[in-house]
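Colleague:
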Amino acid sequence: MSVQMVGIDYEKANLDVRAKFSFQEDISDALDSLVSIEEIDGAVILSTCNRTEIYISEETGCDLKTILCELKGLPAEEYAKYMIVRDEKETLDHLFQLSCGMKSRVFGEDQIITQVKNALNQAREAQATDYELEKMFAYAIAVGKKVKTELHLTAVETSVVSEMMTALEAELGDLHYVPCMVIGNGEIGRLAANALHKAGADVMVTIRNYKTRQIEIPEGCRIVDYKDRYEIMGKYDVIVSATTSPHHTVKYEDCHEIFEDGKKRVLVDLAVPRDISSAFACAENVKLYNIDNLGGKNIGADNEEIAKAMELILEYQEKYCQSVKTKAFADMVHTIGQDGGELTCRRIGKSLKSAVEAQDMDAVERHIKNGVSKTVSAMMFAIQKTLPQEDWIRCMEAIDESMRIY
């Protein structure tokens, strides 16, 4: 079994292209589609604002670029150039470094750990993972957590929200009492609202159906129903949108007149696909930021810390490889045991028929097969304790091959 991946990210594709390959509520359906392909045994989809990556466990070498395009109904001949496919070793290196924040736009940021964990959990819920993917992601998450707690990889802020705050302070100066509207109360929306509140801003957060369900309101923030946002939008100097909606939450045609009062405003779009109409980029007195132009930069990563992180990555990669080998050997031992049981029953079949009542034959054969299988397996693992690993593997392979002759 081989794990490979296909991905599209900020290094090769701009925001508009990345948005076409973003997965939100449709991840479960996409996973179902992937594992329904005969050659694919497992799949995990990682979809964030900066990247979409599909990890596949398969044997035959699928055309991964075409598969990703077909999931989104897009022509591969047009979009394949934005994608990268990685083989098993490259995938292992990429995922482990990614989980440590070493592939992020803001080098060393740790939000990616949660995103990788969520991707694995979504694949589990869809029953789309297999042993190799489970272990690869589990060890990647583990090393990411270890790097996060033991090392400091970056000298810059750790999320796009931090970059947003830097941009707002550059545009408006002190944010105390600045009226800000945050559209969206998901994870990123709450982070943005909390950051603005801590900076002293007057923050209003939009909530959908807040009178009919429990919600988590960011501390110190006021709330308004999402559908009423345009009625009060003109009061705000900063408008941040961070939803998972496939449609614009701030449409140019619906509100551009609100912004023609001569007041300076900053619009911040933290969503993929975009929440705020790109037409605002040309509007007078309006400054529009999005994920791409908020991207962080590595301005002073500690090379010594990076070297330590790479050592940890190699350590956890070895743990992963060893677990896969152990699983493969366990499967081989189990197969040899089963083959031994089958062979034993065939060899004593005539004697059994003369000694056992016909109606008891199936039960007797089943007990013999189980007994022989367990005995052979126990012997194989006992031999493993006394032989060097390489010799044991050769011994196992030879026994497995000899069993197939019979």
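Plus 886 on top of the position in the sequence shown (first one is 1) and you've got our numbering.
Glycine included, C-beta positions come from ideal geometry on N, C-alpha and C.
Only counting the same chain, and skipping five residues up and downstream in sequence, which positions put a Cβ closer than 8 Å to that of THR946?
Modeller: Here residue 946 corresponds to residue number 60 of the sequence shown, with the count starting at 1. Only GLU925 meet the Cβ criterion.
Colleague: Let's see if you can read the secondary structure: which residues bound the beta strand (DSSP E) around SER990?
Modeller: Numbered from its first residue, the sequence shown carries residue 990 at position 104. Neither: SER990 is in no beta strand (DSSP E) and is coded neither H nor E.
Colleague: How would you call PRO1274, buried or exposed, if buried means at least 16 neighbouring beta carbons within 10 angstroms?
Modeller: For the purposes of this step, residue 1274 is taken as the residue at position 388 of the sequence shown. Burial call: exposed.
Colleague: For ASN1176, does the three-state DSSP call read helix, strand or coil?
Modeller: Residue mapping note: residue 1176 aligns to position 290 of the sequence shown, counting from 1. Reduced to three states, the DSSP call for ASN1176 is strand.
Colleague: Taking the straight line between their C-alpha atoms, what separation do you get for LEU1054 and GLY1106?
Modeller: Along the sequence shown, one-based indexing puts residue 1054 at 168. Along the sequence shown, one-based indexing puts residue 1106 at 220. C-alpha separation (whole angstroms): 19 Å.
Colleague: Along the chain, where does the alpha helix (DSSP H) that runs through VAL1126 open and close?
Modeller: Taking the sequence shown and counting its residues from 1, the one referred to as residue 1126 is at position 240. First-last for VAL1126: 1124 to 1127, but that is the beta strand (DSSP E), not the alpha helix (DSSP H).
Colleague: To which residues of the same chain is ALA1078 closer than 7 Å at the C-beta, ignoring the five residues directly before and after it?
Modeller: On the sequence shown, residue 1078 is found 192 positions in, with the first residue counted as 1. So the list reads VAL1047, MET1050, VAL1068, VAL1126, ALA1128 and LEU1156, once near-sequence residues are dropped.
Colleague: Could you compute how far the alpha carbon of THR1035 sits from the alpha carbon of GLU1197?
Modeller: Taking the sequence shown and counting its residues from 1, the one referred to as residue 1035 is at position 149. Taking the sequence shown and counting its residues from 1, the one referred to as residue 1197 is at position 311. The straight-line gap from Cα to Cα measures roughly 15 Å.
Colleague: Which runs of the alpha helix (DSSP H), 4 residues or longer, sit entirely within the segment 901 to 967?
Modeller: Segments of the alpha helix (DSSP H) lying fully in the segment 901 to 967: 901 to 906, 913 to 921, 950 to 958 and 962 to 965.
Colleague: May I ask you to verify whether the segment 913 to 923 touches the segment 948 to 958, counting CB pairs closer than 8 Å and requiring at least 3?
Modeller: At 8 Å Cβ cutoff, the stretches touch.
Colleague: Below 8 Å on the Cβ atoms is my contact criterion, and I expect PRO1104 with VAL1124 to pass it. Report the Cβ-Cβ distance as a whole number of Å.
Modeller: Within the sequence shown, numbered from 1, the residue matching residue 1104 stands at position 218. Within the sequence shown, numbered from 1, the residue matching residue 1124 stands at position 238. With a Cβ gap of about 15 Å, PRO1104 and VAL1124 do not count as contacting.
Colleague: Compute the beta-carbon to beta-carbon distance between TYR1116 and ASP1147, rounded to the nearest angstrom, for a pair I have assumed lies under 8 Å.
Modeller: As a position in the sequence shown, residue 1116 is number 230, starting the count at 1. As a position in the sequence shown, residue 1147 is number 261, starting the count at 1. At roughly 14 Å, the Cβ-Cβ gap does not stay under 8 Å, so TYR1116 and ASP1147 are not in contact.
Colleague: Let me know if GLY1223 comes out buried or exposed under the rule of 16 or more other beta-carbons within 10 Å of its beta-carbon.
Modeller: Position 337 of the sequence shown, counted from the first residue, corresponds to residue 1223. GLY1223 is buried by the Cβ-count criterion.
Colleague: Report the rounded CA-to-CA distance for GLU963 versus THR1015, giving the unit in angstroms.
Modeller: Here the question's residue 963 lines up with position 77 in the sequence shown. Here the question's residue 1015 lines up with position 129 in the sequence shown. So the alpha carbons of these two residues sit roughly 29 Å apart.
Colleague: Pull up the CB-CB distance for ILE940 and CYS948, whole angstroms please, since I reckon it's below 8 Å.
Modeller: Here residue 940 refers to the residue found at position 54 of the sequence shown. Here residue 948 refers to the residue found at position 62 of the sequence shown. Not a contact, Cβ separation roughly 10 Å.
Colleague: Check whether the Cβ atoms of ALA1087 and CYS1066 sit closer than 7 Å, and answer yes or no.
Modeller: Here residue 1087 refers to the residue found at position 201 when the sequence shown is read from its first residue. Here residue 1066 refers to the residue found at position 180 when the sequence shown is read from its first residue. Taking 7 Å as the Cβ cut-off, ALA1087 and CYS1066 qualify as a contacting pair.
Colleague: Between VAL1152, THR1230 and LYS1031, which has its C-alpha nearest ASP996's C-alpha?
Modeller: Position 110 of the sequence shown, counted from the first residue, corresponds to residue 996. Nearest option by C-alpha distance: LYS1031.
Colleague: Assuming LYS989 contacts HIS980 under a Cβ cut-off of 8 Å, what Cβ separation, rounded to an integer in Å, is found between them?
Modeller: In the sequence shown, residue 989 corresponds to position 103, counting from 1. In the sequence shown, residue 980 corresponds to position 94, counting from 1. Indeed they touch by this definition, with Cβ atoms about 7 Å apart.
Colleague: If you reduce the DSSP assignment to three classes, tell me which class LEU1039 lands in.
Modeller: By one-based count along the sequence shown, residue 1039 stands at place 153. Of the three classes helix, strand and coil, the one that applies to LEU1039 here is coil, per DSSP.
Colleague: What residue does the alpha helix (DSSP H) around GLN1008 start on, and which one ends it?
Modeller: The sequence position of residue 1008 within the sequence shown is 122, counting from 1. 997 to 1011 is the extent of the alpha helix (DSSP H) around GLN1008.
Colleague: Based on Cα-Cα distance, which residue from LYS975, ALA1009, SER1131 and LEU1037 lies nearest to LYS913?
Modeller: For the purposes of this step, residue 913 is identified with residue 27 of the sequence shown, where counting begins at 1. Note that residue 913 is Ile in the sequence shown, not Lys. With distances taken between Cα atoms, ILE913 lies closest to ALA1009.
Colleague: I'd like the ranges of any beta strand (DSSP E) spanning at least 3 consecutive residues and lying wholly in the segment 1082 to 1159.
Modeller: Runs found: 1088 to 1093, 1108 to 1111, 1124 to 1127 and 1151 to 1155.
Colleague: Would you identify the three-state DSSP class for VAL1064, choosing helix, strand or coil?
Modeller: The residue given as residue 1064 occupies position 178 in the sequence shown. The answer is coil: DSSP assigns VAL1064 none of H, G, I, E or B.
Colleague: Tell me, to the nearest whole angstrom, how far the beta carbon of ILE1199 is from that of VAL1029; I am working on the premise that it is less than 8 Å.
Modeller: By one-based count along the sequence shown, residue 1199 stands at place 313. By one-based count along the sequence shown, residue 1029 stands at place 143. Yes, ILE1199 and VAL1029 are in contact; Cβ-Cβ is about 6 Å, under 8 Å.
Colleague: According to DSSP, which residues form a beta bridge with SER888?
Modeller: Counting from 1 along the sequence shown, the entry for residue 888 is found at position 2. Paired residues: GLU944.
Colleague: Would you mind stating whether GLU1057 and VAL1152 have Cβ atoms separated by less than 7 Å?
Modeller: Residue 1057 sits at position 171 when you count from the first residue of the sequence shown. Residue 1152 sits at position 266 when you count from the first residue of the sequence shown. For GLU1057 and VAL1152, yes; Cβs fall inside 7 Å.
Colleague: Short of 6 Å in beta carbon distance, which residues of its chain neighbour LEU932, apart from the five on each side in sequence? Order them along the chain.
Modeller: Within the sequence shown, the letter at position 46 stands for residue 932. These residues qualify, in order along the chain: GLU939 and ALA1005.
Colleague: Rounded to the nearest angstrom, what separates GLU911 and HIS1142 at their Cα positions?
Modeller: On the sequence shown, residue 911 is found 25 positions in, with the first residue counted as 1. On the sequence shown, residue 1142 is found 256 positions in, with the first residue counted as 1. C-alpha separation (whole angstroms): 30 Å.
Colleague: In chain order, what residues of the same chain have a beta carbon less than 8 Å from the beta carbon of LYS1205, not counting five sequence neighbours either side?
Modeller: Translated into positions along the sequence shown, residue 1205 becomes position 319. The residues are TYR1025.
Colleague: So is ASN1176 buried or exposed if we call it buried at 16+ other beta carbons inside 10 Å?
Modeller: Numbered from 1 along the sequence shown, position 290 holds the residue referred to as residue 1176. Buried.
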